[in-house]
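These notes concern the structure reproduced below.
What follows is the structure, given as structure tokens:
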């Protein structure tokens with residue numbers, strides 16, 4: 002189920018299922034409690050009416066009599082909803098003026114027993130539902146006692162309307178409570194899931210973290226996750242480091258015997274003729290594959306490289322090798338040109354391009370970098386013969402070179418292209434408008450390597 | 011020219027030394043950085059070839075220490091990895107050029123030649139002294155565009171004197187830089203070579219390219235004519 006893939010929708014679904022249950026149950030319990038208290042109030046009220054009635058009874062000639070008009074107006078007003086009857090064992094003796102109907106059949110003086118009090122809630126009567134209180138007494142009249150049954154009915158209209166308005170109110174409050182709980186839950190959920198968003202942010206910016214690890218100040222539930230992640234990162238870093246070292250060792254251990262073989266081959270012109278090409282190819286393959294492999298294993302891509310400083314170092318090295326003057330190089334890279342990446346990648350990238358510019362140029366080399374939107378555009382130009390138009394594409398194909406006669410060119414540019422593509426950039430070869438020679442234009446995203 | 015070779019791989023070391031010998035250079039070789047440092051500071055070399063991956067003392071450290079002890083001769087580094095990080099570090103530590111392994115012997119010799127020439131202050135491989143032209147790349151000498159037949163010892167003596175033009179070069183210095191250690195220093199072979207050189211370079215006695223400073227040595231007397 003797709004819905005359950007989101008933690009938020011799980012929480013919301015669970016609370017949507019649970020909340021009506023909780024709210025409904027509490028509504029039911031509150032309703033029951035209110036009904037009980039309403040009924041208790043009704044009973045109290047009927048009790049006091051009963052005492053009032055008892056107080057109003059006079060016994061004349063062995064028969065109970067009550068005044069024509071009672072002090073309680075509801076007994077006097079016909080159809081008021083409050084009714085009273087007085088029975089003796091001989092039958093009905095009195096009924097309140099409010100009674101305008103025939104004596105209900107369920108009222109009788111059967112089983113009259115002094116002291117018996119019966120309260121009935123919501124009794125089915127011909128008038129609808131009503132509360133009924135019946136009270137049996139034995140009235141002392143001199144020498145003998147007169148048994149009496151007093152019955153009071155009160156219809157449930159008032160009770161029902163009270164209950165209705167209470168339920169209405171309760172429903173409103175529970176609804177408001179429900180909305181409030183939903184909002185609160187959404188807020189709580191956002192707050193609770195915030196560390197996960199932070200984790201995502203931290204993972205996104207892992208390349209900016211100085212030690213390549215996640216911070217350790219997460220909530221205790223997330224710490225096991227980040228701890229495991231850090232362990233994995235650490236392991237990976239160590240593994241890559243080992244891999245890189247192994248590759249470097251491999252470079253040494255392959256290149257040295259190659260040099261030995263090549264040296265021996267050169268002592269015999271016939272042998273040299275046969276071996277020079279395969280040896281050269283082996284050397285190129287080893288160099289190229291090793292540089293590619295170590296490019297893929299770069300771990301420390303978190304540093305911001307000062308490109309100007311890096312080019313300055315390369316230029317001062319190249320002035321030695323090519324017997325140039327520092328002023329032959331126009332280094333126009335701005336001091337704020339910082340690119341995220343691995344320093345040795347950029348050393349290789351700029352080293353190869355500057356070396357080419359020295360090798361094929363006459364004297365002048367121009368290096369520039371410019372930030373355009375989210376990209377760094379780096380230009381390296383020379384005053385040499387330039388790259389011929391039909392060779393420009395060839396130079397960009399991996400491992401191929403425009404000029405097969407010049408050794409080193411193929412690997413150098415192939416490495417350049419590998420590095421640029423690893424950093425998500427592009428390379429354009431053209432003619433320098435200023436110096437007239439070749440121009441290499443690199444475009445690299447500002448945030449550096451993307452994977 | 012006396013060269014120092016510090017390379018831990020015996021085969022490569024031997025190959026380099028053979029090549030140097032064939033090209034007329036004298037060389038001392040050793041297999042670790044510590045010995046390299048000892049030789050490099052004790053003997054007056056004209057150039058050192060140092061591999062970067064050395065036991066005992068790393069190549070870059072060796073270059074740094076040689077430079078720190080005031081050795082000014084050119085240093086050529088050999089590197090197997092050939093990445094720019096290594097090259098730049100090597101050049102920053104004080105080396106003058108690099109060669110990536112595996113290398114062509116011609117390339118190594120051309121680099122050595124260029125470094126020796128540059129150390130003597132010459133930009134071009136051709137040193138011209140009026141009618142006399144010494145081509146340090148081809149190792150030939152011509153006079154009035156006529157090639158002179160010199161033995162390799164004669165050529166080396168002339169090249170050394172020419173690259174140290176104007177300076178007094180003692181017989182001891184010449185022997186140290188041009189000949190193997192077992193060379194008999196008391197012999198008058200040097201004088202014989204100088205005599206032959208003079209005859210070949212200056213049969214008419216007009217040019218007088220080499221002065222003798224009595225009891226002290228020789229001086230190349232011609233001024234470069236560009």
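Residue numbers (the working numbering), protein chains in the order written: chain E, 2 to 452; chain A, 11 to 236. Where is the CB? At the ideal position from N, CA and C, for every residue including glycine.
In terms of alpha-carbon separation, which member of the options lies closest to residue i?
i, options, result
"residue 108 of chain E", "E:98, E:94, E:387, E:7", "E:94"
"residue 125 of chain E", "E:119, E:133, E:80", "E:133"
"residue 91 of chain E", "E:81, E:71, E:147", "E:147"
"residue 105 of chain A", "A:89, A:113, A:114, A:111", "A:89"
"residue 371 of chain E", "E:175, E:445, E:114, E:34", "E:445"
"residue 70 of chain A", "A:212, A:32, A:103, A:187", "A:103"
"residue 244 of chain A", "E:345, E:429, E:223", "For chain A, the structure presents residues 11 to 236; residue 244 of chain A sits outside this window and is missing."
"residue 340 of chain E", "E:358, E:426, E:323", "E:426"
"residue 420 of chain E", "E:437, E:435, E:443", "E:443"
"residue 97 of chain A", "A:79, A:164, A:63", "A:63"
"residue 97 of chain E", "E:119, E:137, E:74", "E:74"
"residue 198 of chain E", "E:377, E:433, E:8, E:435", "E:8"
"residue 438 of chain E", "E:38, E:46, E:56, E:387", "E:387"
"residue 324 of chain E", "E:305, E:356, E:338", "E:356"
"residue 155 of chain A", "A:164, A:169, A:140, A:65", "A:140"
"residue 102 of chain E", "E:262, E:376, E:85", "E:85"
"residue 202 of chain A", "A:147, A:181, A:232, A:214", "A:181"
"residue 158 of chain E", "E:145, E:130, E:137, E:225", "E:130"
"residue 288 of chain E", "E:262, E:253, E:272, E:273", "E:253"
Could you give the DSSP three-state label for residue i: helix, strand or coil?
i, result
"residue 62 of chain E", "coil"
"residue 343 of chain E", "coil"
"residue 21 of chain E", "helix"
"residue 203 of chain E", "helix"
"residue 257 of chain E", "helix"
"residue 84 of chain E", "strand"
"residue 155 of chain E", "strand"
"residue 317 of chain E", "helix"
"residue 252 of chain E", "helix"
"residue 148 of chain E", "strand"
"residue 1 of chain E", "Absent from the structure is residue 1 of chain E, since the part of chain E shown begins at 2 and ends at 452."
"residue 338 of chain E", "coil"
"residue 239 of chain A", "Since the displayed chain A opens at 11 and closes at 236, residue 239 of chain A lies outside it and no answer follows."
"residue 165 of chain E", "helix"
"residue 173 of chain E", "helix"
"residue 239 of chain E", "helix"
"residue 446 of chain E", "strand"
"residue 8 of chain E", "helix"
"residue 139 of chain A", "strand"
For residue i, count the other beta carbons within 10 Å of its own beta carbon; 16 or more makes it buried, fewer makes it exposed. Which is it?
i, result
"residue 228 of chain A", "buried"
"residue 333 of chain E", "exposed"
"residue 414 of chain E", "buried"
"residue 86 of chain A", "buried"
"residue 225 of chain A", "exposed"
"residue 347 of chain E", "buried"
"residue 19 of chain A", "buried"
"residue 365 of chain E", "buried"
"residue 6 of chain E", "exposed"
"residue 424 of chain E", "buried"
"residue 34 of chain E", "exposed"
"residue 246 of chain E", "exposed"
"residue 399 of chain E", "Only weak support is given to the placement of residue 399 of chain E: the predicted model assigns it a pLDDT of 41, under 50, and the value that follows is read from those uncertain coordinates. By the 10 Å Cβ count, residue 399 of chain E comes out exposed."
"residue 137 of chain E", "buried"
Is the Cβ-Cβ distance between residue i and residue j less than 9 Å?
i, j, result
"residue 174 of chain A", "residue 188 of chain A", "no"
"residue 22 of chain A", "residue 264 of chain E", "yes"
"residue 137 of chain A", "residue 150 of chain A", "no"
"residue 308 of chain E", "residue 379 of chain E", "yes"
"residue 17 of chain A", "residue 32 of chain A", "no"
"residue 385 of chain E", "residue 352 of chain E", "no"
"residue 430 of chain E", "residue 350 of chain E", "no"
"residue 248 of chain E", "residue 291 of chain E", "yes"
"residue 105 of chain E", "residue 89 of chain E", "no"
"residue 58 of chain E", "residue 100 of chain E", "no"
"residue 368 of chain E", "residue 316 of chain E", "yes"
"residue 168 of chain A", "residue 144 of chain A", "yes"
Residues of chain B with a CB under 8 Å from the CB of residue i: which are they?
i, result
"residue 107 of chain A", "In the structure shown, chain B does not exist; the protein chains are E and A."
- [ ] Say whether the stretch 272-279 of chain E touches the stretch 117-131 of chain A, bearing in mind that this needs 3 or more beta-carbon pairs closer than 8 Å, one atom from each stretch.
- [x] They do not touch, by the three-pair rule.
- [ ] Indicate whether the contact test is met: 3 or more Cβ pairs, each with one atom in the stretch 10-30 of chain E and one in the stretch 171-186 of chain E, closer than 8 Å.
- [x] Verdict: yes, contact present.
Open item on the list: Across the stretch 77-84 of chain E and the stretch 162-176 of chain E, are there enough close Cβ pairs to call them in contact, namely three or more that are closer than 8 Å?
Closed with: These segments do not touch.
Open item on the list: Three Cβ pairs or more, each shorter than 8 Å: is that satisfied between the stretch 71-85 of chain A and the stretch 126-135 of chain A?
Closed with: Touching, yes, given that three or more Cβ pairs across the two stretches are closer than 8 Å.
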